[in-house]
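Participant: Protein chains in written order, with UniProt numbering: chain A, 1 to 288; chain B, 1 to 288; chain C, 1 to 288. Pasting in a structure now, in structure tokens, and then I'll have a few things to ask.
See the structure below:
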């Protein structure tokens with residue numbers, strides 16, 4: 001009975017890890033990403049004044065992870081733009097979210113039940129990207145474990161890691177913070193995921209890659225869906241991190257969590273994915 | 001009779017599109033580019049305090065388009081610096097414009113009739129760069145139409161697209177604007193040119209490349225000469241753009257033009273190539 | 001007798017130029033580099049709040065020269081991170097300097113006699129990097145003399161040339177200055193060294209490379225040890241530079257030196273390696 005279960009799990013995870021991402025999952029990824037762009041203060045105004053800048057930002061939100069990973073591996077940063085269908089699909093999503101009459105498309109995809117499904121689908125793509133990034137780096141540098149972690153990390157975090165420069169494109173400059181100084185949950189999870197996939201690639205983690213993909217996807221999707229549904233931005237890692245940082249780096253206990261909350265009043269729009277839904281909608285509406 | 005005319009036009013455009021750019025046209029390009037650098041407020045002071053920074057800025061003004069295109073295609077950003085004669089010629093122009101006794105060289109090339117000729121020659125180089133950029137990208141990515149447009153665009157716009165970072169090199173930081181948010185006429189024309197040349201490369205535009213080069217060069221040279229002579233910065237695209245943006249992106253009618261003018265008082269030195277000649281000269285003189 | 005001396009010198013310099021840098025010299029390089037990172041105001045606070053950002057900055061301090069040189073030559077910027085033992089050693093040094101109980105490691109290596117030895121060893125590595133950078137660029141571009149100088153220069157200067165962006169990672173933004181506008185002694189010396197090694201590679205300097213390496217190392221080590229011991233930041237080039245800049249670029253006589261000092265009161269923490277030891281220690285202590 002248990003063997004059967006294991007066999008099934010193995011088969012399921014294998015099938016799951018071979019599933020194509022285009023177009024359904026990628027579409028969800030583009031929608032959620034450009035939704036977060038529209039939540040950014042000032043982005044609607046930019047879309048009116050300079051459609052080119054707005055389109056470019058949307059492309060960074062959708063393909064930032066590919067751009068960064070290509071840069072890290074010394075390839076052309078626009079390499080991914082050869083996939084015309086992906087770019088066209090993302091451009092269509094950008095157009096619908098920013099310019100659809102009556103804001104209809106935006107209202108549909110920002111409707112919570114729809115959004116929860118899209119968020120879950122986005123995390124499927126994120127996990128696959130991390131795994132592919134680590135694998136790609138492993139192919140180029142067989143023993144470059146640090147490179148594998150770095151490439152997997154940038155593949156998972158995407159535009160967040162270059163948010164300072166993405167904001168600069170929209171005429172916004174907030175040098176006092178960045179995604180490395182104040183990591184949001186998806187960025188942290190991408191780092192931990194990249195480490196796990198690197199350990200797996202180095203045969204230090206006795207688990208099949210497809211199983212790891214399935215497990216990590218389930219963890220990410222559940223976490224993000226729960227966080228989105230509860231408008232929360234607490235991290236499931238907070239407690240462990242707080243203790244590990246205290247022991248290793250002498251950070252004050254509970255500091256990680258406090259640090260996360262403390263700077264909020266001063267610049268309340270810092271992290272991209274962590275604003276409460278209500279505040280976001282009010283801001284977006286006002287901007288229109 | 002008409003066949004003869006067509007034959008002649010074909011021959012003329014073919015000869016024109018094969019004409020070498022070095023040294024005459026390139027020289028004009030370097031002179032006009034470094035002239036615009038000298039118009040930038042503070043650049044004369046930088047040339048006194050730190051010749052290395054000033055030289056580097058001058059190189060970015062002259063070779064920014066090559067640097068950006070090489071970065072976009074994943075090549076070495078300093079690849080073009082292997083052409084020692086080009087670098088030496090540009091360095092000579094930089095030296096003469098910034099350090100010539102009695103400011104003699106500057107006075108000669110900034111003399112309006114001379115400058116108009118140089119500006120026209122510069123546009124010849126710009127068009128050729130766009131065509132070469134699109135062709136180069138087409139060679140690397142046969143169906144990468146977006147990549148062709150991007151590479152042609154950066155080849156035509158050059159330093160303008162990285163003006164924030166070029167200014168940073170001189171200790172100036174203006175994050176509230178950039179060339180994508182507020183496109184100047186040459187940047188816009190480069191974008192439209194890159195799209196045209198991409199369509200031609202994709203066989204969607206039923207016209208020979210040499211004819212397109214000739215036509216686009218004539219348009220660019222005429223526009224820029226008229227704009228320079230009249231100290232104007234109105235764009236010939238303004239009316240069409242205004243309507244297209246209104247229909248497609250819901251921008252307020254006439255907004256494109258107003259947006260262009262409105263921010264001027266607050267930061268009057270924003271766009272590199274759009275200051276009135278008089279104001280420029282006064283500023284440059286004061287700075288010396 | 002003289003022939004013998006020449007032979008010995010040749011042998012010594014040959015042996016010296018073939019000497020391995022790892023681990024002793026590299027260790028000294030990492031220690032001194034991360035020491036300078038700890039002197040930076042706010043870096044200790046960052047190490048408590050965000051160990052990842054602090055580690056990344058430390059890596060930039062240790063491997064910035066490799067990253068920049070790889071970028072310049074179109075390679076992967078993280079190429080050097082395949083050397084796991086180097087990264088682990090540098091990470092260990094980072095951990096000991098920032099988190100060692102009682103600050104013991106920091107106190108040992110910042111103790112002046114120890115530090116003077118480490119500083120001398122660091123200059124050995126710097127010279128070797130410049131020579132290797134020029135050689136590497138010569139291999140890729142046989143007649144690209146400008147590229148050789150640029151690559152040698154970035155190999156010698158390392159993180160200093162990207163200090164604006166390294167500071168941004170720690171949430172600090174000082175756009176009004178950068179290492180090109182206000183070159184510190186090591187950056188200037190790296191430029192001159194890169195020019196010398198390029199001339200040697202182009203057979204315009206009638207001296208063996210090993211002799212040049214030995215001579216330049218001795219000059220750099222002596223200069224830096226004396227400057228560190230005397231807490232001085234005067235440059236041995238000041239007098240010559242002042243005259244050359246006056247003649248070539250019309251800079252006011254003695255201006256180079258004054259320029260260097262003048263902006264100090266306004267932003268007293270501008271250059272990384274030029275603070276007086278006392279001020280640094282006070283600041284570092286306060287920050288802890």
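Positions of the beta carbon are idealized from the N, C-alpha and C atoms, including for glycine.
Using a Cβ-Cβ cut-off of 6 Å (strictly less than) and excluding sequence neighbours within five positions of residue 85 of chain A, which residues of its own chain qualify?
Facilitator: Locating residue 85 of chain A in the first chain gives position 85, counting from the first residue. None.
Participant: If we count Cβ pairs, one from each stretch, closer than 8 Å, do we get three or more for the region 107 to 118 of chain B versus the region 219 to 236 of chain B?
Facilitator: Because the criterion of three Cβ pairs below 8 Å is met, the region 107 to 118 of chain B and the region 219 to 236 of chain B touch.
Participant: Within 8 Å of any Cβ in chain A, is that where the Cβ of residue 161 of chain C sits?
Facilitator: Taking the third chain and counting its residues from 1, one reaches residue 161 of chain C at position 161. No, because no Cβ of chain A sits closer than 8 Å to the Cβ of residue 161 of chain C.
Participant: Within 8 Å of any Cβ in chain C, is that where the Cβ of residue 74 of chain A sits?
Facilitator: Locating residue 74 of chain A in the first chain gives position 74, counting from the first residue. With 8 Å as the cut-off, residue 74 of chain A counts as an interface residue toward chain C.
Participant: Step through the CB atoms of chain A and report whether any lies within less than 8 Å of the CB of residue 203 of chain B.
Facilitator: By one-based count along the second chain, residue 203 of chain B stands at place 203. Cβ-Cβ to chain A under 8 Å: no for residue 203 of chain B.
Participant: With contact counted as at least three CB pairs below 8 Å, one residue from each stretch, are the region 208 to 219 of chain A and the region 10 to 20 of chain A in contact?
Facilitator: Yes: the two stretches touch, three or more of their Cβ pairs being nearer than 8 Å.
Participant: Within the continuous alpha helix (DSSP H) that includes residue 48 of chain C, where are the two ends?
Facilitator: Taking the third chain and counting its residues from 1, one reaches residue 48 of chain C at position 48. Where residue 48 of chain C is concerned, the enclosing alpha helix (DSSP H) stretches over 43 to 49.
Participant: Which residue marks the beginning of the alpha helix (DSSP H) containing residue 95 of chain C, and which one marks its end?
Facilitator: Locating residue 95 of chain C in the third chain gives position 95, counting from the first residue. Residue 95 of chain C -> alpha helix (DSSP H) spans 84 to 99.
Participant: Can you list, in chain order, the residues of the region 41 to 74 of chain C whose Cβ is nearer than 8 Å to any Cβ on chain A?
Facilitator: From the region 41 to 74 of chain C, only 46, 47, 48, 49, 50, 51, 52, 53, 56, 70 and 74 have a Cβ closer than 8 Å to chain A.
Participant: For chain A, check one thing: does any of its Cβ atoms lie closer than 8 Å to the Cβ of residue 99 of chain C?
Facilitator: The sequence position of residue 99 of chain C within the third chain is 99, counting from 1. By this cut-off, residue 99 of chain C is an interface position.
Participant: Name the chain B residues that come within less than 8 Å of residue 289 of chain C, Cβ to Cβ?
Facilitator: A query on residue 289 of chain C cannot be resolved here, the shown segment of chain C reaching from 1 to 288 and no further.
Participant: Going by beta-carbon coordinates alone, are residue 53 of chain B and residue 46 of chain B separated by less than 8 Å?
Facilitator: Position 53 of the second chain holds residue 53 of chain B. Position 46 of the second chain holds residue 46 of chain B. Yes; because the gap between Cβ atoms is below 8 Å, this pair is in contact.
Participant: Does the beta carbon of residue 175 of chain A sit closer than 8 Å to a beta carbon anywhere in chain C?
Facilitator: As a first step, residue 175 of chain A must be located in the first chain, where it is residue number 175. Interface residue, yes.
Participant: Which residue from A/225, A/253, A/40 and A/178 puts its Cα closest to that of residue 173 of chain C?
Facilitator: Walking along the third chain from the start, residue 173 of chain C turns up at place 173. For residue 173 of chain C, the nearest C-alpha among the options comes from A/178.
Participant: Go through its chain and collect everything with a Cβ distance to residue 97 of chain C's Cβ below 7 Å, but skip five positions before and after it.
Facilitator: For the purposes of this step, residue 97 of chain C is taken as residue 97 along the third chain, with counting starting at 1. So the qualifying residues of the chain are 34, 35, 38, 105 and 106.
Participant: Determine the closest residue to residue 136 of chain A out of A/193, A/83 and A/70, with distance taken between C-alpha atoms.
Facilitator: For this step, residue 136 of chain A is matched to residue 136 along the first chain. Selected option, being the one with the closest Cα: A/70.
Participant: Pull up the distance between the alpha-carbon of residue 95 of chain B and that of residue 48 of chain B, whole angstroms please.
Facilitator: On the second chain, residue 95 of chain B is found 95 positions in, with the first residue counted as 1. On the second chain, residue 48 of chain B is found 48 positions in, with the first residue counted as 1. The alpha-carbon atoms of residue 95 of chain B and residue 48 of chain B are separated by roughly 12 Å.
Participant: Any Cβ of chain C within less than 8 Å of the Cβ of residue 105 of chain B?
Facilitator: Within the second chain, the letter at position 105 stands for residue 105 of chain B. For residue 105 of chain B, the answer is no, since every Cβ of chain C falls outside 8 Å of its Cβ.
Participant: Tell me, please, whether the CB atom of residue 139 of chain C is closer than 8 Å to any CB atom in chain B?
Facilitator: Indexing the third chain from 1 puts residue 139 of chain C at position 139. Chain B, which has no Cβ nearer than 8 Å to the Cβ of residue 139 of chain C, makes this no.
Participant: Considering just the uninterrupted stretch of the alpha helix (DSSP H) at residue 165 of chain B, what are its terminal residues?
Facilitator: As a first step, residue 165 of chain B must be located in the second chain, where it is residue number 165. That run of the alpha helix (DSSP H) goes 163 to 169.
Participant: Span of the alpha helix (DSSP H) holding residue 201 of chain A?
Facilitator: Walking along the first chain from the start, residue 201 of chain A turns up at place 201. 185 to 201 is the span of the alpha helix (DSSP H), which, as asked, contains residue 201 of chain A.
Participant: Less than 8 Å separating the beta-carbons of residue 134 of chain B and residue 217 of chain B?
Facilitator: If you number the second chain from 1, residue 134 of chain B lands on position 134. If you number the second chain from 1, residue 217 of chain B lands on position 217. For residue 134 of chain B and residue 217 of chain B, no; Cβs fall outside 8 Å.
Participant: Output, in chain order, the set of chain D residues within a Cβ distance shorter than 7 Å of residue 147 of chain A.
Facilitator: Of the protein chains in this structure, namely A, B and C, none is chain D.
Participant: Write down the C-beta distance between residue 76 of chain B and residue 72 of chain C rounded to the nearest angstrom, noting that I regard them as a contact closer than 8 Å.
Facilitator: Stepping through the second chain from its first residue, residue 76 of chain B is reached at position 76. Stepping through the third chain from its first residue, residue 72 of chain C is reached at position 72. Going by Cβ atoms, the distance from residue 76 of chain B to residue 72 of chain C rounds to 6 Å, so yes, they are a contact pair.
Participant: So what's residue 55 of chain A in DSSP terms, helix, strand or just coil?
Facilitator: The count along the first chain starts at 1 and reaches residue 55 of chain A at position 55. If DSSP states are grouped into helix, strand and coil, residue 55 of chain A belongs with the helices.
Participant: Counting only beta-carbon atoms, is residue 20 of chain A nearer than 8 Å to chain C?
Facilitator: What you label residue 20 of chain A is simply residue 20 of the first chain in a count that begins at 1. Output row for residue 20 of chain A: interface = no.
Participant: Do you know offhand how far residue 100 of chain B's Cα is from residue 91 of chain B's?
Facilitator: What you label residue 100 of chain B is simply residue 100 of the second chain in a count that begins at 1. What you label residue 91 of chain B is simply residue 91 of the second chain in a count that begins at 1. Approximately 13 Å, taken between the alpha carbons.
Participant: Cα separation between residue 130 of chain B and residue 238 of chain A?
Facilitator: Taking the second chain and counting its residues from 1, the one referred to as residue 130 of chain B is at position 130. Taking the first chain and counting its residues from 1, the one referred to as residue 238 of chain A is at position 238. Computed Cα separation, rounded: 52 Å.
Participant: For a contact meaning CB atoms closer than 8 Å, what does residue 150 of chain A contact in chain C?
Facilitator: Residue mapping note: residue 150 of chain A aligns to position 150 of the first chain, counting from 1. Simply 78 and 81.
Participant: Give the secondary structure of residue 33 of chain C by DSSP, where H, G and I count as helix, E and B as strand, and everything else as coil.
Facilitator: Position 33 of the third chain, counted from the start, is the residue given in the question as residue 33 of chain C. Helix.
Participant: I need the straight-line Cα distance from residue 102 of chain B to residue 199 of chain B, nearest angstrom please.
Facilitator: If you number the second chain from 1, residue 102 of chain B lands on position 102. If you number the second chain from 1, residue 199 of chain B lands on position 199. Cα to Cα, residue 102 of chain B sits roughly 49 Å from residue 199 of chain B.
Participant: Distance cutoff 8 Å, beta carbons only. Does residue 158 of chain A sit that close to anything in chain C?
Facilitator: Within the first chain, the letter at position 158 stands for residue 158 of chain A. No, residue 158 of chain A does not count as interfacial toward chain C.
Participant: Keeping to the same chain, check which residues put their C-beta closer than 6 Å to that of residue 289 of chain C; ignore five residues upstream and five downstream.
Facilitator: One cannot answer for residue 289 of chain C here, as it falls past the ends of chain C, which runs 1 to 288.
Participant: Could you tell me whether the Cβ of residue 144 of chain B comes closer than 8 Å to any Cβ of chain A?
Facilitator: For the purposes of this step, residue 144 of chain B is identified with residue 144 of the second chain, where counting begins at 1. At least one chain A Cβ lies under 8 Å of residue 144 of chain B.
Participant: Suppose you measure from the CA of residue 190 of chain C to the CA of residue 89 of chain C; what does that come to, to the nearest Å?
Facilitator: As a first step, residue 190 of chain C must be located in the third chain, where it is residue number 190. As a first step, residue 89 of chain C must be located in the third chain, where it is residue number 89. Near 25 Å, if we compare the C-alpha coordinates of residue 89 of chain C and residue 190 of chain C.
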